[in-house]
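Q:
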Amino acid sequence: MESYVTHLQPELEVSYCHLVAISVDGEEATRDYRASIGATFPFLVDADRKLIHALEIDDNTDPAHSPVPIPYTFVLDSDRLIYKIYNGWWFVGRPTVEELRQDLRALLSRRDDYEYDRAWDAEAEA
């Protein structure tokens, strides 16, 4: 989450995009964590886990520790339709900042007023 705050949060603020986090921790723990990483985007609290149950993104395979919330990332388009889903179980499915940048470019390219000029791309010059 810290890498999103450091690298992606400033870009989202100028790109017609928003980031929202949903936490299963209580309000105080969520507020403290949000402040500790310097996030300016909203954190919603789902301490009673109604949302994760409704979305069926909890793991019930271990009876001693069930249910365990599974970290997911949903990328939504401007109509709030799902563009991409990342299943973050075991960390390997969690999107990197660069993967989210690519999703952002793909979604922004759908806009009539978006023009991506490769001449301004630092990687294209290298």
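Going by this note's numbering, the residue at position 37 of the sequence shown is 43; the numbering climbs one at a time, nothing skipped. Where a beta carbon is used, it is the ideal one built from N, C-alpha and C, also for glycine.
(1) Could you tell me the distance, in whole angstroms, from the CA atom of residue 52 to the CA atom of residue 60?
(2) With respect to the beta strand (DSSP E) encompassing residue 28, which residues constitute its N-terminal and C-terminal limits?
(3) State yes or no: is the C-beta of residue 58 within less than 8 Å of the C-beta of residue 81?
(4) Let me know if residue 120 comes out buried or exposed under the rule of 16 or more other beta-carbons within 10 Å of its beta-carbon.
(5) What would DSSP say about residue 98, mapped onto helix, strand or coil?
(6) Quick check on residue 63: buried or exposed, where buried means 16 or more other Cβ atoms within 10 Å of its Cβ?
(7) Span of the alpha helix (DSSP H) holding residue 82?
(8) Taking DSSP as the reference, what is the three-state secondary structure of residue 119?
(9) Does any residue of chain B have a CB that is nearer than 8 Å to the CB of residue 42?
A: Considering the structure as presented:
(1) Stepping through the sequence shown from its first residue, residue 52 is reached at position 46. Stepping through the sequence shown from its first residue, residue 60 is reached at position 54. Using only the alpha carbons, I get a separation of about 11 Å.
(2) Translated into positions along the sequence shown, residue 28 becomes position 22. That run of the beta strand (DSSP E) goes 27-29.
(3) Mapped onto the sequence shown, residue 58 falls at position 52. Mapped onto the sequence shown, residue 81 falls at position 75. No. Outside cutoff.
(4) In the sequence shown, residue 120 corresponds to position 114, counting from 1. So residue 120 counts as exposed.
(5) Within the sequence shown, numbered from 1, the residue matching residue 98 stands at position 92. Note: residue 98 maps to coil in three-state DSSP.
(6) The residue given as residue 63 occupies position 57 in the sequence shown. When all chains shown are included, residue 63 counts as buried.
(7) Residue numbering aside, residue 82 sits at position 76 when the sequence shown is read from its first letter. It is not in any alpha helix (DSSP H) - residue 82 instead sits in the beta strand (DSSP E) that spans 78-82.
(8) Along the sequence shown, one-based indexing puts residue 119 at 113. If DSSP states are grouped into helix, strand and coil, residue 119 belongs with coil.
(9) Going by chain labels, chain B is absent from the structure shown, which holds only one protein chain.
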